[in-house]
Amino acid sequence: MLRSFTSLRREVRQPIVSSVSRNGARLGKPNPMRIRQRPTRHFSASNKPGISPREEHERRVAAAQALAEERRRNNRHDQEKLPQIQQQKAEARRLEKQKKHREHTVVSAVSHWLAKDTSFFATTMDALNINAQSAPLSTDPEATSNKNHPMQILWVQYKQLYYESIPAFREQMEGTARKINFDFAEDIKALEEAGFGDPAWGKKYRQVRGYRVRNQDMTRHREKIESELQGQRQLMQKAKTELARLRQELEMIHETQKRRLLQQKEAIREASAPPPKKDESFFSQALAMMSDIFSSKEEVDEDTARSKRLEEIKARIKIPKTSRMENRISRKVAALEQLQSEIDLAAAEAKRIKNRQNRRPPPMPDTEYDTANKIVEQVRSSICGKLAEHIRQRHEKLILQFQTLDSKTDLTKPHEWYSYARLDRRKIVFHGGPTNSGKTYSALQRLKEAKQGLYLGPLRLLAAEIYETLTEDGIYTNLFTGQERRDIPFATHASATVEMCSTEDEYDVVVLDEIQMIADDSRGAAWTKALMGLRSKEIHVCGGWEAKDIVQKIAKACGDEFEVHKYERFSKLDVGDQSLAVDPTKEGAYKNVCAGDCVVAFSRNDIFAIKREIETTTNYKCCVIYGKLPPQTRADQARLFNDPDSGYDILVASDAIGMGLNLNIRRIVFNSIFKFNGEEVIRLSHSDIKQISGRAGRRNSPYPNGEVSCRDPRDLQYIRRCMLTEIEPIEKAGLLPTTAHIELFSEALGAYNLDDDDSALHNVLRQFSAMATVRGDFFLCRQTEMKTIAKRLKDIPLLLTDKYTLCLSPTNENSMKILENFATKYAQGQVSGLPSRSVPKKAKSFDDLSYLCGLYADADLFLWLQMKFPPSNAVEAQTALGRKEKTLEFINEALANTERLKLKHSYVRQATRHRAAWEAENSDDGTGFDNDDSVEDIVYSQREDDSVYM
99 MLRSFTSLRR EVRQPIVSSV SRNGARLGKP NPMRIRQRPT RHFSASNKPG ISPREEHERR
159 VAAAQALAEE RRRNNRHDQE KLPQIQQQKA EARRLEKQKK HREHTVVSAV SHWLAKDTSF
219 FATTMDALNI NAQSAPLSTD PEATSNKNHP MQILWVQYKQ LYYESIPAFR EQMEGTARKI
279 NFDFAEDIKA LEEAGFGDPA WGKKYRQVRG YRVRNQDMTR HREKIESELQ GQRQLMQKAK
339 TELARLRQEL EMIHETQKRR LLQQKEAIRE ASAPPPKKDE SFFSQALAMM SDIFSSKEEV
399 DEDTARSKRL EEIKARIKIP KTSRMENRIS RKVAALEQLQ SEIDLAAAEA KRIKNRQNRR
459 PPPMPDTEYD TANKIVEQVR SSICGKLAEH IRQRHEKLIL QFQTLDSKTD LTKPHEWYSY
519 ARLDRRKIVF HGGPTNSGKT YSALQRLKEA KQGLYLGPLR LLAAEIYETL TEDGIYTNLF
579 TGQERRDIPF ATHASATVEM CSTEDEYDVV VLDEIQMIAD DSRGAAWTKA LMGLRSKEIH
639 VCGGWEAKDI VQKIAKACGD EFEVHKYERF SKLDVGDQSL AVDPTKEGAY KNVCAGDCVV
699 AFSRNDIFAI KREIETTTNY KCCVIYGKLP PQTRADQARL FNDPDSGYDI LVASDAIGMG
759 LNLNIRRIVF NSIFKFNGEE VIRLSHSDIK QISGRAGRRN SPYPNGEVSC RDPRDLQYIR
819 RCMLTEIEPI EKAGLLPTTA HIELFSEALG AYNLDDDDSA LHNVLRQFSA MATVRGDFFL
879 CRQTEMKTIA KRLKDIPLLL TDKYTLCLSP TNENSMKILE NFATKYAQGQ VSGLPSRSVP
939 KKAKSFDDLS YLCGLYADAD LFLWLQMKFP PSNAVEAQTA LGRKEKTLEF INEALANTER
999 LKLKHSYVRQ ATRHRAAWEA ENSDDGTGFD NDDSVEDIVY SQREDDSVYM
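What the sequence shown shows, in the working numbering, is residues 99 to 1048, in sequence order.
Structure (structure tokens):
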């Protein structure tokens, strides 16, 4: 019994081997040392009084059995629950893995945007205060899309800086142990909730942009086709109406033919009938017979007499011919059939595109895509800001250099450049209206009343004209132009070209004429400088109504008062019903000109070819005006044309007549609406058409009402549209950097040594233009000529300010040698003289005439340099003036005898080439039918119609 109790006690005390605990951990084997060290307890009856050892033994055996049973029961429960626990843990691990995968996918998407999306690049550069708006973004940081661009060096550094920072920035986002950095947790969570954690969804999101681009292209193409269809259908309707009219007129002609044929037959029958016999006496008949027998006259052939009578009858009763009308109708029918086939093809193409769009659903709903885009927009600024901070911490010195260069090219607040003008609040009075409306006259009346006044115009001719006007009114006036300076003692007023204005003087009234030139890409900066920088109590601004908004914005930026006066044209200006030419491919159209006409052409050869045709085919003599003629010559030609007793009744001119000359023009005739601007063939804008056309008709002249027409009938409809269309408002004014801007920027470039040749002025100008920050209502004017001059002066040791002033000189390619010679002499401290080349001679050809104009420009440039860089050489200046007078004499002589000069040029071929070049470049701009008469061959005009019914 004792043995059994002892073995049972050991069994109870011994741990169960290979059992499983409740928490799922498997237990090991029992430790025998632990069992041996455990003290042995001996039970006796004395432990618990009143209980026998047997009872105690049985009680303890029962308790041990119950404990063992409970342990076995718990082990069975744990073994049954183990798969569920393991499954839960596996699910938790899977979810964690998916979360990390989604976060990794989002981080990859962000990295993709940073590398591919230009908006992320621009936002990051803005956060760094670096102007990189024009830098081309490429996936390859070493790629150089434009190796000759002045900003290429900086662009490469911008891209390297940006791209090299993306991998480290991605690691920063992912954090340690592949856990998202706490700073990016909200952004990543927002993108993940939007769906960017799903690769398949992200792929669809990326596809939407391409889908929309393709869909927009297809929609644009379809709308273009439908627009063309609408125009073609309207044209078809007009053509059908015209065809019905022609057929009706043809029927009328047939009826007229029948009626006049009957009249002819009746007349012929009456003429062929023998005369009625008269009752004559026997004696008169015998006398007639005797006279016939003895008469010496020859008998008249009866057939000849009859044929003469028939011709007289046909000449008296004309039968209209129908062949020309029938040919015209047949051409119209053929053109209609061709147009109908084109309409059918276009309609089928539009329907095919629409069906294709309907068959292709978008990768995801638009609402879902737009919502995701909003979230990306919200997150982008945050991520780009953190990337900018990351770049700034790693490249602090380089970022500081970039920011310094950007600050030197900041042109965003030009009104702050003129602190002297900002001391007082000025009054800006805008006089707006078309030509011949009296706006400049009203401003000049206020100028005459002022104690101190200034007139600023775009041309020397205008400045000289106002100078003479003020002087005649008894006002002491100075004249300042680039080539001439007249200082009058005790002068209270001045008349000058816009470029000659000084922002250091103070006036009571300033008149700034032709303000619409503020948008000119070459000279606009001069008007901006005058409007912002002049200190005057009143500034009267004159020009087209399209400049009102930009002038008002500048006045508001400067804190000035703004007042508007609107003017209407004094006289009528109509568009002619017909063009001069019937066939635009043939010469001879200018035999139809009339006294007071002004033919506008855009090249010297065209002008002289037209002048020669007019003088050989009519009794009129022509004056000529074009840009390269000296201002005095242009004024002389204008006086000849305005003088009714001079014998010069026709003017052939370029668009130089658009401003600055008061001309008595009855009609403006455009030789062509296309011109070559030095780089490409362009079509005249609405503003150009209206500005030139406005010169026709002038109050208090022989032709108070004006008319506009053209040589080519294909141009008439465009001119009519331009005259009926309001000119678009000017949105931006031109700017140029000041000398201080260029100096500071050059110093910054030299300090950072971005390139070995950065100190050269032409490179400074190129890089400044590329880096300049111009926003809002301004744009940077073209500096092509300035850069060309600066490049020619790069080896001459002059100060940067002197070189910059020379870059503003009126220099062309032919007079560059004079500029270089003057700069070299000036750098050496010597006085330059006029080159021996500038010796005028009589013109024997049009090339000689061009040479004389070049000599005059050389003398002008030399006088400009003498004024800008004192001390001047008085002897050489007088020599230059003498040569100018001699050159003018030879030029005027050549213009008076152009028929002696050799010329081989066809203005028709030139116009045809320009039209073809423009249409080839702009073939998608219209339906190809630009005329009202339009589906038939345009060489037949309305003039034929009148002769059909005579």
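For each residue, glycine too, the CB sits at the ideal point set by N, CA and C.
In this text, all values refer to a predicted model and were calculated from it rather than measured experimentally.
Boundaries of the beta strand (DSSP E) in which residue i is found, first to last residue
| i | result |
| --- | --- |
| residue 483 | Unbroken run through residue 483 is the alpha helix (DSSP H), 464 to 492; no beta strand (DSSP E). |
| residue 781 | 779 to 781 |
| residue 719 | 719 to 723 |
Local Cβ density within 10 Å of residue i, reported as buried at 16 or more and exposed below that
| i | result |
| --- | --- |
| residue 465 | exposed |
| residue 789 | buried |
| residue 1006 | buried |
| residue 766 | buried |
| residue 769 | buried |
| residue 773 | buried |
| residue 865 | buried |
| residue 303 | buried |
| residue 824 | exposed |
| residue 983 | exposed |
| residue 204 | buried |
DSSP beta-bridge partners of residue i
| i | result |
| --- | --- |
| residue 807 | 767 |
| residue 593 | 553 and 577 |
| residue 530 | 641 and 664 |
| residue 696 | 749 and 766 |
| residue 605 | 634 |
| residue 832 | 877 |
| residue 525 | 636 and 659 |
| residue 715 | DSSP output for residue 715 lists no bridge partner at all. |
| residue 502 | DSSP lists no partner for residue 502. |
| residue 452 | According to DSSP, which records beta bridges pairwise, residue 452 is partnered with nothing at all. |
| residue 1000 | 943 |
N-terminal and C-terminal residue of the alpha helix (DSSP H) that residue i is part of
| i | result |
| --- | --- |
| residue 420 | Careful: residue 420 lies outside any alpha helix (DSSP H) and carries neither H nor E. |
| residue 642 | Taken as a continuous stretch (DSSP letters only), residue 642 belongs to no alpha helix (DSSP H), as it is neither H nor E. |
| residue 889 | 882 to 890 |
| residue 739 | 729 to 740 |
| residue 673 | Residue 673 -> not in any alpha helix (DSSP H); beta strand (DSSP E) instead, spanning 671 to 673. |
| residue 181 | 151 to 214 |
| residue 588 | That residue, residue 588, is in no alpha helix (DSSP H); it is neither H nor E in DSSP. |
| residue 684 | No alpha helix (DSSP H) contains residue 684, which DSSP labels as neither H nor E. |
| residue 1012 | 1005 to 1019 |
| residue 905 | 898 to 905 |
| residue 825 | Per DSSP, residue 825 belongs to no alpha helix (DSSP H) and is neither H nor E. |
| residue 564 | 558 to 570 |
Three-state secondary structure assigned by DSSP to residue i
| i | result |
| --- | --- |
| residue 245 | Residue confidence is low: residue 245 scores 46 on pLDDT, short of 50, so the model does not pin down where it sits. Its coordinate-derived value is still stated next. If DSSP states are grouped into helix, strand and coil, residue 245 belongs with coil. |
| residue 877 | strand |
| residue 794 | strand |
| residue 657 | coil |
| residue 774 | strand |
| residue 583 | strand |
| residue 143 | Its pLDDT being 45, under 50, residue 143 is placed unreliably in this model, and the coordinates cannot settle the point. |
| residue 539 | helix |
| residue 610 | strand |
| residue 508 | strand |
| residue 871 | strand |
| residue 726 | coil |
| residue 710 | helix |
| residue 690 | helix |
| residue 677 | coil |
| residue 861 | helix |
| residue 894 | coil |
Next on the checklist: In chain order, what are the residue ranges of uninterrupted alpha helix (DSSP H) at least 4 long that sit wholly in the stretch 249 to 334?
Outcome noted: 250 to 272 and 283 to 289
Checklist entry - Can you list the beta strand (DSSP E) stretches of 3 or more residues lying completely in the stretch 907 to 989, in chain order? => result none
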